[in-house]
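Visitor:
Residue numbers (my numbering), protein chains in the order written: chain U, 664 to 1110; chain V, 1491 to 1558.
This is the structure we're talking about:
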């Protein structure tokens, strides 16, 4: 050993760098670093000469890079992996995505260390994007704002629209054309609030546009956020907490049309209305207007039908009376006439018997009256005679005849000695005549 | 009944229309007040339709200025 060391230290013979790198290469020819599934973020993705060059990066929670390696997808594999990834995630391979790739270490004597990527698991990326979305949604839910925009009542007719989009974008043009050239004569009023619809500034730019709309809120019925055409790769700039929180709490219903068929972003969960494309957003608004028109048509029909029914009913009633009144009158007259003649026929037979009976009763009354009167008169005669007899017995003449007398003074009959005084001249009447005398003594009978 | 045309809104007009229709279809509606209800409903229908299909130039101008 010592001798060997001495040999090296004396520089008898060194090895070439190539040889050294070759040794490294041989060392790396180990199964533990071949065909490994690695989880990492993509960075610096670039296609050159058909090959895809990139960097695999791992960052810690604070965002600092803790591991990094150059990666390469050989031209023959690039197309296959990009298609496979696109089919599931709707996105192209691009920086910022979290991926799981199958990679093997590659050491080239000249170019150094890198990994060759041979496969990719798109469902991992999907899962990661989904996890991010879930985290944002859970936070919004916890803050109680998740469903705020979805719960806003959408007006019956949505005509005044604040559009958030990029001015030159094809999608915006399609939206405007479709909306303003609708074949129903529906009027829409649009106002563009420009925003960047891709890249890192998407979220702050849209939030700024929403703030500008909020300053004129009374002018609008709703907000439409549309992303003009373009690739599907930039959708994750919409999966952002601040943007989602702003949309969720916006006081007007928000319609989002930023994706394509299979793309779903957090905005799709928080906005009042979610459509797939800008064209679909225009269609939704037109359909809403057409529904309002149909509702008016239905109301018109109902009102016309109701009025017609009333008028028909009234006309039928009138014609019924017109046709039936003469008949009703003549039949009433006829029935009354018949009743009258029936009554007339009944009068003689009905009254005849009654009159005869009444006659008999009257005759009997007359006879009874005569008899009663005769009897009453006889009774009265007897009564009168008895009274006359009594009067006769009690008459003063008869009394005088029996020896009684009547004494008068100054024309008045004296019934009490108190009425007399000495020397009064009194007349005494007897049955046969009278005499005059003078009072000489008055004796009062003791009681 | 909403009489002021200026204050009339589409939503208000529609709900008044539906109320009128219910009233027209109710047993208590007589042919005597049918005429007034019909006149009012036609006015509301015209208002709603015009709101949907006639351009509000003033609003258009305001929004055009806002967009600049």
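Quick reminder that beta carbons are idealized off the backbone N, C-alpha and C, glycines included.
Alpha carbons only, please: which of V:1555, V:1521, V:1502 is nearest the one belonging to residue 976 of chain U?
Guide: Stepping through the first chain from its first residue, residue 976 of chain U is reached at position 313. Taking only the C-alpha atoms, the option nearest residue 976 of chain U is V:1521.
Visitor: Along the segment 1526-1545 of chain V, where does the CB come closer than 8 Å to a CB of chain U? Name the residues.
Guide: Those residues of the segment 1526-1545 of chain V that come within reach of chain U (Cβ to Cβ, closer than 8 Å) are 1528, 1531, 1532, 1535, 1538, 1539, 1541, 1542, 1543, 1544, 1545.
Visitor: Measuring CB to CB, does residue 899 of chain U end up less than 7 Å from residue 870 of chain U?
Guide: In the first chain, counting from the first residue as 1, residue 899 of chain U sits at position 236. In the first chain, counting from the first residue as 1, residue 870 of chain U sits at position 207. Against a cut-off of 7 Å, the Cβ pair of residue 870 of chain U and residue 899 of chain U comes out as no contact.
Visitor: By DSSP, does residue 723 of chain U sit in helix, in strand, or in coil?
Guide: What you label residue 723 of chain U is simply residue 60 of the first chain in a count that begins at 1. Of the three classes helix, strand and coil, the one that applies to residue 723 of chain U here is coil, per DSSP.
Visitor: Indicate whether at least one CB of chain U lies closer than 7 Å to the CB of residue 1515 of chain V.
Guide: Looking up residue 1515 of chain V in the second chain gives position 25. Yes - at least one Cβ of chain U is within 7 Å of the one on residue 1515 of chain V.
Visitor: Classify residue 1465 of chain V as helix, strand or coil using the three-state DSSP reduction.
Guide: Residue 1465 of chain V lies beyond the range of chain V shown here (1491 to 1558); nothing can be said about it.
Visitor: Should residue 822 of chain U go down as buried or exposed, given a rule of 16 or more other Cβ atoms within 10 Å for buried?
Guide: Here the question's residue 822 of chain U lines up with position 159 in the first chain. Answer is buried; the Cβ neighbour count reaches 16.
Visitor: According to the Cβ coordinates, are residue 853 of chain U and residue 888 of chain U closer than 7 Å?
Guide: Locating residue 853 of chain U in the first chain gives position 190, where the first residue counts as 1. Locating residue 888 of chain U in the first chain gives position 225, where the first residue counts as 1. Residue 888 of chain U sits away from residue 853 of chain U, with the two beta carbons spaced by 7 Å or more.
Visitor: Do you know whose CA, among U:733, U:760, U:1029, U:767, lies nearest residue 695 of chain U's CA?
Guide: Within the first chain, residue 695 of chain U is the residue found at index 32, counting from 1. It is U:767 whose Cα lies nearest to the Cα of residue 695 of chain U.
Visitor: May I ask you to verify whether the segment 754-765 of chain U touches the segment 785-793 of chain U, counting CB pairs closer than 8 Å and requiring at least 3?
Guide: Between the segment 754-765 of chain U and the segment 785-793 of chain U there are three or more C-beta pairs closer than 8 Å, enough to call the two in contact.
Visitor: Would you call the CB atoms of residue 1080 of chain U and residue 1099 of chain U closer than 7 Å?
Guide: By 1-based counting over the first chain, the position of residue 1080 of chain U is 417. By 1-based counting over the first chain, the position of residue 1099 of chain U is 436. Not in contact: residue 1080 of chain U and residue 1099 of chain U (Cβ atoms no closer than 7 Å).
Visitor: I believe residue 927 of chain U touches residue 907 of chain U by the beta-carbon criterion, under 8 Å. Please report the beta-carbon distance rounded to the nearest angstrom.
Guide: Within the first chain, residue 927 of chain U is the residue found at index 264, counting from 1. Within the first chain, residue 907 of chain U is the residue found at index 244, counting from 1. 13 Å between Cβ atoms; not a contact.
Visitor: Mind listing the chain U neighbours of residue 1557 of chain V? Cutoff is C-beta to C-beta under 7 Å, in chain order.
Guide: Reading the second chain from its first residue, position 67 is the one you call residue 1557 of chain V. Within 7 Å Cβ-Cβ: 854, 855.
Visitor: Rounded to whole angstroms, what is the Cα-Cα separation between residue 1107 of chain U and residue 1073 of chain U?
Guide: Walking along the first chain from the start, residue 1107 of chain U turns up at place 444. Walking along the first chain from the start, residue 1073 of chain U turns up at place 410. Roughly 21 Å between the two C-alpha positions.
Visitor: Residue 1541 of chain V: buried (16+ other C-beta within 10 angstroms of its C-beta) or exposed?
Guide: Looking up residue 1541 of chain V in the second chain gives position 51. Within 10 angstroms of the beta-carbon of residue 1541 of chain V lie 16 or more other beta-carbons, which makes it buried.
Visitor: Is the beta carbon of residue 1094 of chain U less than 7 Å from the beta carbon of residue 1063 of chain U?
Guide: The sequence position of residue 1094 of chain U within the first chain is 431, counting from 1. The sequence position of residue 1063 of chain U within the first chain is 400, counting from 1. Yes, these two residues count as a Cβ contact at 7 Å.
Visitor: Between residue 736 of chain U and residue 744 of chain U, is the Cβ-Cβ spacing less than 7 Å?
Guide: The residue you call residue 736 of chain U lines up with position 73 of the first chain. The residue you call residue 744 of chain U lines up with position 81 of the first chain. Between residue 736 of chain U and residue 744 of chain U, the gap from beta carbon to beta carbon is short of 7 Å.
Visitor: For residue 1497 of chain V, return the contacting residues in chain U, with the cut-off set at a CB-CB distance below 9 Å.
Guide: As a position in the second chain, residue 1497 of chain V is number 7, starting the count at 1. Here the premise fails: no neighbours, minimum Cβ distance about 15 Å.
Visitor: Just to confirm the assignment, what range does the alpha helix (DSSP H) spanning residue 771 of chain U have?
Guide: Translated into the one-based positions of the first chain, residue 771 of chain U becomes position 108. Unbroken run through residue 771 of chain U is the beta strand (DSSP E), 761-771; no alpha helix (DSSP H).
Visitor: Exposed or buried, what is residue 1503 of chain V when buried is set at 16 or more other beta-carbons lying within 10 Å of its beta-carbon?
Guide: Within the second chain, numbered from 1, the residue matching residue 1503 of chain V stands at position 13. So residue 1503 of chain V ends up on the buried side.
Visitor: Strictly under 7 Å for the Cβ-Cβ distance: is residue 1008 of chain U near chain V by that measure?
Guide: Taking the first residue of the first chain as 1, we reach residue 1008 of chain U at position 345. No, its Cβ sits nowhere closer than 7 Å to a Cβ of chain V.
Visitor: Would you kindly report the start and end of the unbroken beta strand (DSSP E) that includes residue 731 of chain U?
Guide: Residue mapping note: residue 731 of chain U aligns to position 68 of the first chain, counting from 1. Counting along the chain, the beta strand (DSSP E) containing residue 731 of chain U begins and ends at 728-736.
Visitor: Taking only beta carbons into account, state which residues of the segment 942-970 of chain U come closer than 8 Å to chain V, listed in chain order.
Guide: 952, 955, 956, 958, 959, 962, 963, 965, 966, 969, 970
Visitor: Got a sec? Which residues, its chain only, sit under 7 Å from residue 903 of chain U by beta carbon, not counting five neighbours each side?
Guide: The count along the first chain starts at 1 and reaches residue 903 of chain U at position 240. Cβ within range, chain order: 866.
Visitor: Please report the Cβ distance between residue 1539 of chain V and residue 959 of chain U, rounded to the nearest whole angstrom; I am assuming they are in contact, meaning their Cβ atoms lie under 8 Å.
Guide: Taking the first residue of the second chain as 1, we reach residue 1539 of chain V at position 49. Taking the first residue of the first chain as 1, we reach residue 959 of chain U at position 296. About 6 Å separates the two Cβ atoms, so the contact holds.
Visitor: Buried or exposed, going by whether 16 or more other CB atoms sit within 10 Å of the CB of residue 678 of chain U?
Guide: The sequence position of residue 678 of chain U within the first chain is 15, counting from 1. Exposed: under 16 other Cβ atoms inside 10 Å.
Visitor: What is the DSSP secondary structure of residue 707 of chain U, reduced to helix, strand or coil?
Guide: Your numbering for residue 707 of chain U matches position 44 in the first chain. DSSP places residue 707 of chain U in strand when its eight states are reduced to three.
Visitor: Taking Cβ-Cβ distances shorter than 8 Å, what residues in chain U pair up with residue 1550 of chain V?
Guide: If you number the second chain from 1, residue 1550 of chain V lands on position 60. 852, listed in chain order.
Visitor: With DSSP as the reference, label residue 774 of chain U as helix, strand or coil.
Guide: In the first chain, counting from the first residue as 1, residue 774 of chain U sits at position 111. Three-state result, residue 774 of chain U: coil.
Visitor: Would you mind reading off the limits of the alpha helix (DSSP H) that contains residue 1538 of chain V?
Guide: Sequence index remark: in the second chain, residue 1538 of chain V carries index 48 (1-based). Residue 1538 of chain V -> alpha helix (DSSP H) spans 1521-1543.
Visitor: Using a Cβ cut-off of 7 Å, pull out every chain V residue sitting near residue 848 of chain U, in sequence order please.
Guide: Numbered from 1 along the first chain, position 185 holds the residue referred to as residue 848 of chain U. Within chain V, the residues near residue 848 of chain U are 1543.
Visitor: Which partner residues of residue 1098 of chain U appear in the DSSP bridge assignment?
Guide: For the purposes of this step, residue 1098 of chain U is taken as residue 435 along the first chain, with counting starting at 1. Per DSSP, U:1091.
Visitor: Kindly list, in the order they appear in chain V, the residues whose Cβ is closer than 8 Å to that of residue 1000 of chain U.
Guide: Here residue 1000 of chain U refers to the residue found at position 337 of the first chain. Within chain V, no C-beta atom comes less than 8 Å from the C-beta of residue 1000 of chain U; the nearest is roughly 37 Å away.
Visitor: Does residue 1492 of chain V get closer than 7 Å to chain U when you measure Cβ to Cβ?
Guide: To locate residue 1492 of chain V, count along the second chain from 1; it is residue 2. Only weak support exists for where residue 1492 of chain V lies, its pLDDT of 45 falling under 50; the value from the coordinates is given anyway. Taking Cβ atoms only, chain U never reaches closer than 7 Å to residue 1492 of chain V, which makes this a no.
Visitor: In terms of alpha-carbon separation, which member of U:701, U:1101, U:882 lies closest to residue 1546 of chain V?
Guide: Sequence index remark: in the second chain, residue 1546 of chain V carries index 56 (1-based). The residue with the shortest Cα to Cα distance from residue 1546 of chain V is U:882.
Visitor: For residue 675 of chain U, does the three-state DSSP call read helix, strand or coil?
Guide: In the first chain, counting from the first residue as 1, residue 675 of chain U sits at position 12. Here residue 675 of chain U sits in coil by DSSP.
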